[in-house]
Amino acid sequence: MKVLVVGGGVIGLSTAWALVRQGHDPVVFEQGPLPQTGGASYDQHRLIRLPYADQTGYCAMVVDALKAWDRLWDDLGERHYAEIGSLALSTAEGDWADLSRLTLDRLGLGYETLDARQIEERCPFMTVPQDAWGLVNQRGGLLFAARIVEALVRYLQHRGVSLRSESRIVSVDPGAGCLTLEDGSRETAEAIVVTAGAWTAKLFPELARKAVPHRQVIAYLEPPESQAEAWARAPAMVHLLNDVDIYAAPPVDGTELKFGAGEHRRPGDPDKLDPLGENEAAEVAAAFRPLLRDFDDYKILRGQVCPYAISPDDRFVTERNGGVTVIGGCSGHMFKFGALMGEELAKTATGERAYADFRSWAEGRRESLTED
Ligand SMILES: Cc1cc2nc3c(=O)[nH]c(=O)nc-3n(C[C@H](O)[C@H](O)[C@H](O)COP(=O)(O)OP(=O)(O)OC[C@H]3O[C@@H](n4cnc5c(N)ncnc54)[C@H](O)[C@@H]3O)c2cc1C
């Protein structure tokens, strides 16, 4: 079946990969170049981690996501993943890490807990509150995002998939199963999948409140020389402070140390994002000051502005109208589901999976692991 895919980020490219695998004929439309470096998917790394607070459905999906990435690595003949595990900190009963622990228990997924002293032994660059404890998962770690996007583009080119870069879609007509491009030309197919990231509401204004475009800033740093080796052995770090959602990607496999702070974002039109402000990278990094020894010896290399769409309840937003399936509002957490989401979107678009079933799955409403 011919399937038109709007958007060449990780979700659109993974959908095309899965469609090819399932014997279909995708055509990808990307408004910019391919690979597109200006979307949410192009960065050195994205975290994949099992802890998900009380969002049982997404925690269960991570187990399936890891298997889907393995299928992608097999097809690509390249693996762009470092299984360095994850660490989250808890300082109060019922906080993010504590809820994650309960969810992992409920799903029967293993983890380790560390007290403050053990955390500092494992991560000697840290200084943690003495009443804190750490939730450690061996599974999960870092996906090398830009390398994955680049490899997907190469794979699809090699498979002869039509990749239409510099092809902006200006409207989608679900009734006619038709896309209109900026030059007025039209493309029709029985099935259309829209994966437009922060631009989703430009095509579907009715989704403007569900998939709100935002501007996020991240900071790349060089750790002090005395701590470089410890950082290179560190797990991926999520939810390190209760009141501030901060995360870190350690410098592994030729990548650099990256800090992010969930609160350092604001709504913004993805076509007109403000450039990086002079102090913004330093402001992101400053959120880590209470947790790092020798914080002033870290060197800020640069900041980066990224567009993404936030959904108010942190669940992925999906809509179906005629043969058009839309996925958006991927917030700060859809990269990890890239290969899996591509597979599920491909099945849903081609009628192999019921849309209602896909929707509740994508909204993270499942309560158990998939049985093998
Ligand atoms: C700073 C930051 C940190 C993050 N950290 C993590 C993390 O640690 N773990 C995790 O799992 N996720 C994380 N995420 C989220 C994750 O990166 C996104 O959810 C994911 O990349 C979204 O992929 P996408 O393909 O939907 O969107 P995008 O990569 O943005 O792709 C959408 C594409 O559609 C194209 N497009 C849009 N409109 C049109 C149109 N009309 N016509 C043609 N093309 C169009 C765009 O140009 C773009 O290339 C993070 C996001 C950010 C910004």
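Residue numbers (this note's numbering): 583 to 954.
Glycine included, each C-beta is placed from N, C-alpha and C at the ideal position.
CB of residue i to nearest heavy atom of ligand 1: below 7 angstroms?
i, result
"His662", "no"
"Glu612", "yes"
"Tyr890", "yes"
"His821", "no"
"Ser749", "yes"
"Met643", "no"
"Lys584", "no"
"Ala843", "no"
"Cys912", "yes"
"His846", "no"
"Ser744", "no"
"Leu927", "no"
"Arg628", "yes"
"Ala733", "no"
"Gln618", "yes"
"Gln637", "no"
"Ala921", "no"
"Phe917", "yes"
"Ser893", "no"
"Ile882", "no"
"Leu696", "no"
Measuring only the C-alpha atoms, how far is residue i from residue j?
i, j, result
"Pro706", "Leu822", "15 angstroms"
"Ala928", "Asp607", "11 angstroms"
"Leu922", "Gln613", "24 angstroms"
"Val610", "Thr930", "17 angstroms"
"Val906", "Arg935", "14 angstroms"
"Glu772", "Glu925", "18 angstroms"
"Ser668", "Cys912", "21 angstroms"
"Ala818", "Ser942", "29 angstroms"
"Gly910", "Ser808", "42 angstroms"
"Asp856", "Gln886", "11 angstroms"
"Gly620", "Arg815", "30 angstroms"
"Arg902", "Met643", "21 angstroms"
"Tyr937", "Ser682", "29 angstroms"
"Ala714", "Asp755", "53 angstroms"
"Arg736", "Glu703", "42 angstroms"
"Thr597", "Cys888", "22 angstroms"
"Ala733", "Leu616", "11 angstroms"
Is residue i helix, strand or coil when you go by DSSP?
i, result
"Arg653", "helix"
"Met819", "strand"
"Asp856", "coil"
"Tyr624", "coil"
"Pro805", "coil"
"Tyr634", "coil"
"Met643", "helix"
"Ser596", "helix"
"Glu949", "coil"
"Val731", "helix"
"Gly920", "helix"
"Ser668", "strand"
"Phe611", "strand"
"Arg750", "coil"
"Phe877", "helix"
"Pro787", "helix"
"Val775", "strand"
"Phe940", "helix"
"Glu845", "strand"
"Asp835", "coil"
"Val826", "coil"
"Leu724", "strand"
"Asp765", "coil"
If we call anything under 8 angstroms between Cβ atoms a contact, is residue i one with residue j?
i, j, result
"Val587", "Gly920", "no"
"Pro711", "Pro795", "no"
"Leu696", "Val718", "yes"
"Leu985", "Leu738", "The displayed coordinates of the chain run from 583 to 954. Any statement about residue 985 would go beyond what the structure contains."
"Gly722", "Ala891", "no"
"Asp677", "Asn824", "yes"
"Val834", "Ala664", "yes"
"Ala790", "Ala867", "no"
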